[in-house]
Structure formats: structure tokens, C-alpha cells
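Here the structure comes first, spelled out in C-alpha cells, and everything after it is commentary.
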Amino acid sequence: MSGNHRDVTARRHVLLVAAVTLVVAALAVAWSWRGTQADTDASEAVQLRPAPGASVTPGEPGAPQASASPDPDDADEPAQPTQTEASATTPPADLDPLPPQERTVAEPVAFDEPATPAAGVAAKITAIEDVQGEATLPGEVAGPGLRVTVTLSNDTRETLDLRGVVCNVYLGKALDPALALLEPGGAPFPEELAAGAEAEGIFVFRVPKDARDRVRLELDVSPTSTIVLFEGRAVARG
Numbered sequence: 001m002s003g004n005h006r007d008v009t010a011r012r013h014v015l016l017v018a019a020v021t022l023v024v025a026a027l028a029v030a031w032s033w034r035g036t037q038a039d040t041d042a043s044e045a046v047q048l049r050p051a052p053g054a055s056v057t058p059g060e061p062g063a064p065q066a067s068a069s070p071d072p073d074d075a076d077e078p079a080q081p082t083q084t085e086a087s088a089t090t091p092p093a094d095l096d097p098l099p100p101q102e103r104t105v106a107e108p109v110a111f112d113e114p115a116t117p118a119a120g121v122a123a124k125i126t127a128i129e130d131v132q133g134e135a136t137l138p139g140e141v142a143g144p145g146l147r148v149t150v151t152l153s154n155d156t157r158e159t160l161d162l163r164g165v166v167c168n169v170y171l172g173k174a175l176d177p178a179l180a181l182l183e184p185g186g187a188p189f190p191e192e193l194a195a196g197a198e199a200e201g202i203f204v205f206r207v208p209k210d211a212r213d214r215v216r217l218e219l220d221v222s223p224t225s226t227i228v229l230f231e232g233r234a235v236a237r238g
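Heads up: the sequence shown begins at 1 in the UniProt record's numbering, then just goes up one per residue.
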């Protein structure tokens with residue numbers, strides 16, 4: 001019995017020593033692998049780090065990668081516009097807004113007197129007629145009106161551009177604008193007025209009979225001319 005007991009004890013001892021040896025060997029292999037991996041990671045980190053002063057193209061190995069989460073220190077800073085956004089919202093410094101153009105307005109003259117919109121150019125009212133205004137366009141209102149014929153004389157050596165001529169009429173002390181009409185018989189100036197020639201434009205306005213004691217006619221020949229005014233009691237003539 002004592003011999004058998006010694007054999008069993010010996011076998012147990014051998015098995016215990018073998019198990020301990022396997023555990024030690026496994027730990028040694030694990031530590032060796034971890035050391036090798038750490039050396040490899042360190043080597044790659046050194047290789048991926050760009051040298052001082054070197055240029056790195058985004059996307060290449062070693063280029064800094066964008067962080068998926070924002071920096072907490074930048075959370076309160078406003079977003080900076082891109083170059084495209086800045087150019088779209090900020091006007092160029094050399095493009096200053098144009099200042100409003102100052103226009104000269106002449107003192108009113110009587111309906112039977114001439115006015116001078118520009119040097120060598122004369123304007124006069126050659127006829128005032130009492131008519132029944134007709135409504136032919138949306139916004140027009142039929143009723144008693146005045147048909148005024150304005151004549152322009154060009155004593156300059158240049159052809160005048162008359163495409164921008166504007167004629168308005170105002171009524172009473174408050175200078176309320178009169179409604180412009182096309183009919184009966186309205187006709188604009190021709191597009192051009194040759195040197196040494198005359199041209200006429202015919203303008204119709206709705207003017208009640210009881211609002212003709214003080215009438216002002218405003219004539220604007222061109223953006224560079226003087227605005228001339230005719231004022232007085234509108235009496236049919238011509």
C-alpha cells in the first residue's frame with residue numbers, strides 16, 4: 001500500500017509541474033507578443049508622424065484626420081464663412097453704391113410762357129383742351145379732363161433722344177397728382193428730335209372742372225436736363 005501511494009503522489013507531482021510549466025510558457029508567449037505589438041505600433045506612429053516642415057496631403061498616410069466629435073473649446077465660437085460664402089455676402093470694397101443723382105428743378109412759369117429744359121432746347125404749351133377722359137386701360141377712370149399739347153424745339157446741333165420724356169400734372173395747393181389717360185387723342189413724343197426741328201407730345205389727364213384753378217404741369221425731358229414746371233389756371237386755348 002505504501003508503494004502504491006508513493007507512485008500516485010509522484011504522478012500527481014509530475015502533472016502539477018507540467019501544468020505550471022505550460023502556464024508559465026503561455027504567459028511568456030503572451031508577454032512576448034504584447035512587447036512585439038507595442039514596438040510595431042510605436043514604429044508605425046513614428047513613421048506616420050510628419051517631419052517638421054514637411055507638407056502632407058489630406059488622405060495620405062500621416063495626414064491629420066478630422067475628428068468626428070467637435071472640440072468642446074470651440075462649441076461657443078461662431079462658424080466662420082467659407083471663401084465662397086464670404087464672396088457671396090460681402091460686396092467688393094471697390095464697388096461703392098451710386099449716390100442719388102441730384103436734379104435741377106426750374107421755377108414755375110405761366111402756361112403761355114416758354115421754359116428751357118437744356119441749353120438750346122425750348123418747351124412750350126401750345127394747346128389746352130377740355131375733353132371727356134376715357135378709361136381704356138386697367139386703373140384708368142373716365143371723367144372730365146384736359147388734353148395738353150407740349151412742343152419741344154431743338155436749336156442745338158445734336159439729335160435729342162425723347163424716349164424718356166415724362167409729363168405729369170398736379171392739382172391744387174396740395175399738388176395732388178392727376179390721373180393720366182390715353183384717350184382721347186393722347187400721343188407721345190417721337191423717339192428723336194433732329195437738330196433745328198420741332199416735335200409735339202399730347203398728354204391727357206383727368207382733371208375735374210372744379211380743380212382747374214391751380215394746375216402744375218411737370219416736364220422732364222431727359223435724366224440730364226432741368227425739370228421745367230408750368231403753373232397757373234388751366235383755361236382751354238390753342
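Note that beta-carbon positions come from the ideal geometry of N, C-alpha and C, so glycine has one too.
In this text the structure is predicted, and so the values were computed from the model without any measurement.
Pairwise C-alpha distance: residue j and residue i
{"i": "phenylalanine 111", "j": "threonine 226", "result": "17 angstroms"}
{"i": "alanine 119", "j": "aspartate 213", "result": "31 angstroms"}
{"i": "valine 190", "j": "leucine 219", "result": "Before going on, a small fix: residue 190 reads as proline here, not valine. Spanning the two alpha carbons is a distance of roughly 15 angstroms."}
{"i": "valine 105", "j": "leucine 229", "result": "8 angstroms"}
{"i": "alanine 127", "j": "valine 235", "result": "10 angstroms"}
Where residue i falls, given that 16 or more other Cβ within 10 Å makes a residue buried
{"i": "alanine 178", "result": "buried"}
{"i": "lysine 124", "result": "buried"}
{"i": "glutamate 134", "result": "buried"}
{"i": "leucine 137", "result": "exposed"}
{"i": "arginine 206", "result": "buried"}
{"i": "glycine 139", "result": "exposed"}
Selected residue, minimal CA-CA separation from residue i, among the options
{"i": "glycine 145", "options": "Asp210, Thr104, Pro223 and Leu160", "result": "Asp210"}
{"i": "valine 169", "options": "Glu140, Val148 and Gly185", "result": "Val148"}
Helix, strand or coil at residue i according to DSSP, with G and I counted as helix
{"i": "aspartate 130", "result": "strand"}
{"i": "alanine 135", "result": "coil"}
{"i": "alanine 211", "result": "helix"}
{"i": "leucine 182", "result": "coil"}
{"i": "glutamate 113", "result": "coil"}
{"i": "glutamate 200", "result": "strand"}
Residues near residue i by beta carbon distance below 7 angstroms, same chain, minus five either side
{"i": "arginine 103", "result": "Ile227"}
{"i": "proline 108", "result": "Arg216, Leu229, Phe230 and Glu231"}
Close beta carbons around residue i, own chain, < 6 angstroms, minus the five adjacent residues each side
{"i": "glycine 201", "result": "Val150, Pro188 and Phe189"}
{"i": "valine 221", "result": "Pro117 and Val165"}
{"i": "proline 223", "result": "none"}
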